[in-house]
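Asks: Pasting a structure here, questions to come.
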Amino acid sequence: MTEPQYLTTPEGRRIAYHLTPGQGPAVVFLGGFRSDMQGTKALYLQDWAAAQGRAFLRFDYSGHGQSGGDFLDGAIGDWFADARAVVALVDGPLVLVGSSMGGWIALLLARAMPERLAGMVGVAAAPDFTEDSMWAGFDAAQRAELLTQGQVALPSDYSDAPYTITRRLIVDGRNHLVLRDPLELPCPVRLLQGTADVDVPPSVALRLLDHATGPDMRLTLVKGADHRFSDAACLALISRSLGEILAGRPDA
Numbered sequence: 000m001t002e003p004q005y006l007t008t009p010e011g012r013r014i015a016y017h018l019t020p021g022q023g024p025a026v027v028f029l030g031g032f033r034s035d036m037q038g039t040k041a042l043y044l045q046d047w048a049a050a051q052g053r054a055f056l057r058f059d060y061s062g063h064g065q066s067g068g069d070f071l072d073g074a075i076g077d078w079f080a081d082a083r084a085v086v087a088l089v090d091g092p093l094v095l096v097g098s099s100m101g102g103w104i105a106l107l108l109a110r111a112m113p114e115r116l117a118g119m120v121g122v123a124a125a126p127d128f129t130e131d132s133m134w135a136g137f138d139a140a141q142r143a144e145l146l147t148q149g150q151v152a153l154p155s156d157y158s159d160a161p162y163t164i165t166r167r168l169i170v171d172g173r174n175h176l177v178l179r180d181p182l183e184l185p186c187p188v189r190l191l192q193g194t195a196d197v198d199v200p201p202s203v204a205l206r207l208l209d210h211a212t213g214p215d216m217r218l219t220l221v222k223g224a225d226h227r228f229s230d231a232a233c234l235a236l237i238s239r240s241l242g243e244i245l246a247g248r249p250d251a
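The numbers in numbering that gives the first Met the number 0 rise by one with no breaks, and the one at position 134 of the sequence shown is 133.
As structure tokens, then:
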């Protein structure tokens with residue numbers, strides 16, 4: 000396995016990344032909460048991009064995967080800043096592929112640097128999940144524990160060990176919400192969503208589609224697909240969506 004390269008962000012965080020050179024617009028994969036750049040979707044898209052001679056970038060947020068830092072110290076604003084520092088490695092326009100939390104990070108990047116966006120693919124995108132899923136789903140005891148102890152442990156569907164949510168994650172998330180104010184996406188956007196996703200239900204994708212404005216936005220629902228969205232058919236749909244966006248680019 001190829002060793003990653005590293006960069007140090009302006010905030011001093013050490014971020015691991017893999018950058019495959021090629022033609023632009025570059026495709027950037029933004030992973031999910033507690034995920035990393037070794038996942039099925041990231042590696043599939045790297046192979047797909049390499050076969051096309053397309054520049055491709057994947058990375059780990061701080062506290063994730065091979066990057067430095069402690070996961071519990073991080074929050075949405077930190078991971079957005081990490082992403083912003085990493086995409087600065089690539090010149091020219093970008094096509095962002097945001098998976099789950101990565102979809103929220105992609106929307107923050109779109110808001111911060113719309114001039115660089117050539118397109119976006121959201122895969123079970125989870126904007127504002129710290130507020131609308133986590134905080135809204137806590138019972139009174141969990142909210143009290145979070146506020147008094149600074150963290151709360153939640154069961155995980157993906158491992159036997161519970162995972163910890165910090166008060167800082169919730170509070171910081173409120174400073175980066177994207178579904179409360181106008182959200183302009185001035186590029187082709189493809190939202191891909193499984194109907195069997197229990198972590199980010201289809202209602203989230205419908206809300207995002209209804210809330211955002213842009214010249215070319217489409218939502219595709221895949222019956223029976225879950226949150227991983229990583230079987231062969233789902234992976235092929237992601238690459239087809241990217242191909243559709245890139246086919247409309249005169250510089251692609």
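No residue lacks a Cβ here, since even glycine has one placed at the ideal position from N, Cα and C. As the structure is a computational prediction, the values presented were derived from the model and not from experiment.
Give the single residue among G30, V26, R189, L71 whose Cα lies nearest to the Cα of D90.
Replies: Numbered from 1 along the sequence shown, position 91 holds the residue referred to as residue 90. Out of G30, V26, R189, L71, V26 has the C-alpha closest to the C-alpha of D90.
Asks: Taking the beta carbon of Q192 as the centre, do at least 16 other beta carbons fall within 10 Å, making it buried, or is it exposed?
Replies: Reading the sequence shown from its first residue, position 193 is the one you call residue 192. Q192 comes out buried.
Asks: To the nearest whole angstrom, what separates the beta carbons of L207 and A124, a pair I think is in contact under 8 Å?
Replies: Locating residue 207 in the sequence shown gives position 208, counting from the first residue. Locating residue 124 in the sequence shown gives position 125, counting from the first residue. With a Cβ gap of about 6 Å, L207 and A124 count as contacting.
Asks: Along the chain, which unbroken stretches of the beta strand (DSSP E) at least 3 residues long are found entirely within the stretch 162 to 232?
Replies: Correct list: 162 to 165, 188 to 193, 216 to 221.
Asks: Please identify the residue among L168, R110, R53, V151 whose C-alpha is closest to the C-alpha of P161.
Replies: Numbered from its first residue, the sequence shown carries residue 161 at position 162. Answer by Cα proximity: V151.
Asks: Which residue's Cα is closest to the Cα of R33: T163, E183, G242?
Replies: Reading the sequence shown from its first residue, position 34 is the one you call residue 33. Minimum Cα distance to R33 is reached at T163.
Asks: Looking only at its chain, what residues have a beta carbon closer than 7 Å to the beta carbon of S229, apart from the 5 residues adjacent to it on each side?
Replies: If you number the sequence shown from 1, residue 229 lands on position 230. Answer for S229: T39, K40, listed in chain order.
Asks: Taking P92 as the reference, give the member of P187, P214, D69, G23 with the closest Cα.
Replies: Position 93 of the sequence shown, counting from 1, holds the residue named residue 92. Measuring from the Cα of P92, the nearest candidate turns out to be G23.
Asks: By DSSP, does V27 sit in helix, in strand, or in coil?
Replies: Looking up residue 27 in the sequence shown gives position 28. Three-state DSSP puts V27 in a strand.
Asks: Sort R189, F55, S98, F70 by Cα distance to G21 and report the nearest one.
Replies: To locate residue 21, count along the sequence shown from 1; it is residue 22. Taking only the C-alpha atoms, the option nearest G21 is F55.
Asks: Hey, S238 and W47: beta-carbon distance below 8 Å or not?
Replies: The residue you call residue 238 lines up with position 239 of the sequence shown. The residue you call residue 47 lines up with position 48 of the sequence shown. For S238 and W47, yes; Cβs fall inside 8 Å.
Asks: Please list, in chain order, all residues of the same chain as G223 whose beta carbon is under 6 Å from its beta carbon, the five residues on each side excluded.
Replies: Position 224 of the sequence shown holds residue 223. Excluding sequence neighbours, G223 sits near A195.
Asks: Applying the criterion that 16 or more other CB atoms from any shown protein chain within 10 Å of the CB defines a buried residue, is Q4 buried or exposed?
Replies: The residue given as residue 4 occupies position 5 in the sequence shown. Per the 10 Å Cβ criterion, exposed.
Asks: P201: which of V86, S99, L236, D159 sits nearest, CA to CA?
Replies: In the sequence shown, the residue the question calls residue 201 occupies position 202. Looking at the Cα atoms, S99 is the closest of the given residues.
Asks: Taking 8 Å as the cut-off, decide whether the C-beta atoms of G121 and G102 are in contact.
Replies: Here residue 121 refers to the residue found at position 122 when the sequence shown is read from its first residue. Here residue 102 refers to the residue found at position 103 when the sequence shown is read from its first residue. For G121 and G102, yes; Cβs fall inside 8 Å.
Asks: Do you know whose CA, among E114, P181, G62, D69, lies nearest M36's CA?
Replies: Along the sequence shown, read from residue 1 onward, the residue named residue 36 stands at position 37. Of the listed residues, the one whose Cα sits closest to M36 is G62.
Asks: Which residue wins for smallest C-alpha separation from T19, given the options Q51, G30, G31, P9?
Replies: Here the question's residue 19 lines up with position 20 in the sequence shown. Minimum Cα distance to T19 is reached at Q51.
Asks: Bridge partners for G97 per DSSP, in chain order?
Replies: Taking the sequence shown and counting its residues from 1, one reaches residue 97 at position 98. L29, G121.
Asks: Can you check whether the CB of A117 is closer than 8 Å to the CB of C186?
Replies: Position 187 of the sequence shown holds residue 186. Position 118 of the sequence shown holds residue 117. In contact: C186 and A117 (Cβ atoms closer than 8 Å).
Asks: Between I244 and R13, what straight-line distance do the alpha-carbon atoms span, to the nearest angstrom?
Replies: Start at 1 with the first residue of the sequence shown, and residue 244 comes out as number 245. Start at 1 with the first residue of the sequence shown, and residue 13 comes out as number 14. Cα to Cα, I244 sits roughly 32 Å from R13.
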